[in-house]
Amino acid sequence: DLKEFIAGLEVPVIAGGVGDYRTAMHLMRTGAAGVIVGFGAGRTTTTGDVLGIGVPMATAVADAAAARRDYLDETGGRYVHVIADGGVETSGDIARAIACGADAVMLGAPLARAAEAPGNGWYWTSAAAHPSVPRSWIDLAEVASVGLDALLFGPSADPSGAMNLFGALRRAMAKTGYSDLKEFQKVGLTVRS
């Protein structure tokens, strides 16, 4: 029983595999301190091809954030963190995830590109380790000649959104009239097809 398992631990538990409201709510009710949202997308993940399933990140994060709001009301104030994972590689991806309700994002390949990365650019997801149905491969991210500080805080002349991740997030927030991340999570969204 996952609820008993989590209750028996002395550390906060973050559980993953969330793609919809129902799964997010279930994991929140088991006592998870955070939920990792996203599967089937990502730089090296083949879950969509192998299993035929996947959920667009914006939809999955917005659904998990809605579950968090309802769970917050249900419990009288227990906050569960929503962490976006899968295909988050640029500052625009970070801004979109937070605008949809994420508290944080998982950055695999972008951090693997930093000069200080211990893997020297090599990157793999947890799906790569599945013993009978591996859904990812080990990939060599393009190793940058810049350090982690430049990658996260700039300055950058690179127009791709792969550098100065926090500076670009601050700029996206400023352009939409926000200076607080919690408020930015409630920004009005327009969906285009």
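When we follow my numbering, the leftmost residue of the sequence shown carries the number 9, and every step to the right adds one. In this text, a Cβ means the ideal position worked out from N, Cα and C, and glycines have one as well.
In whole angstroms, what is the alpha-carbon distance linking residue i and residue j?
{"i": "GLU97", "j": "PHE161", "result": "15 Å"}
{"i": "GLY84", "j": "GLY185", "result": "30 Å"}
{"i": "ASP78", "j": "GLY100", "result": "28 Å"}
{"i": "ASP93", "j": "PHE13", "result": "24 Å"}
{"i": "GLY155", "j": "GLU124", "result": "6 Å"}
{"i": "HIS89", "j": "THR198", "result": "24 Å"}
{"i": "GLY46", "j": "ALA165", "result": "30 Å"}
{"i": "ASP157", "j": "PHE174", "result": "10 Å"}
{"i": "MET171", "j": "PRO163", "result": "8 Å"}
{"i": "ASP206", "j": "ASN128", "result": "The question about residue 206 has no answer here: the residues shown for the chain are numbered 9 through 201."}
{"i": "GLY169", "j": "ALA75", "result": "30 Å"}
Strictly by DSSP, which residues pair up with residue i?
{"i": "VAL21", "result": "Answer is none; VAL21 lacks a bridge partner."}
{"i": "HIS89", "result": "GLY42"}
{"i": "VAL26", "result": "VAL45"}
Which residue marks the beginning of the alpha helix (DSSP H) containing residue i, and which one marks its end?
{"i": "GLY42", "result": "Premise fails: GLY42 lies in the beta strand (DSSP E), 42-45, not in any alpha helix (DSSP H)."}
{"i": "LEU115", "result": "No alpha helix (DSSP H) contains LEU115, which DSSP labels as neither H nor E."}
{"i": "ASP78", "result": "65-83"}
{"i": "ARG200", "result": "Per DSSP, ARG200 belongs to no alpha helix (DSSP H) and is neither H nor E."}
{"i": "GLY162", "result": "Per DSSP, GLY162 belongs to no alpha helix (DSSP H) and is neither H nor E."}
{"i": "ASP101", "result": "99-107"}
{"i": "ARG121", "result": "Segment: none, ARG121 is in no alpha helix (DSSP H) and carries neither H nor E."}
{"i": "MET181", "result": "173-183"}
{"i": "ALA110", "result": "Premise fails: ALA110 is in no alpha helix (DSSP H) and is neither H nor E."}
Should residue i be labelled buried (16 or more other beta-carbon atoms within 10 Å of its own) or exposed?
{"i": "TYR131", "result": "buried"}
{"i": "ALA117", "result": "buried"}
{"i": "GLY25", "result": "exposed"}
{"i": "ARG104", "result": "buried"}
{"i": "VAL43", "result": "buried"}
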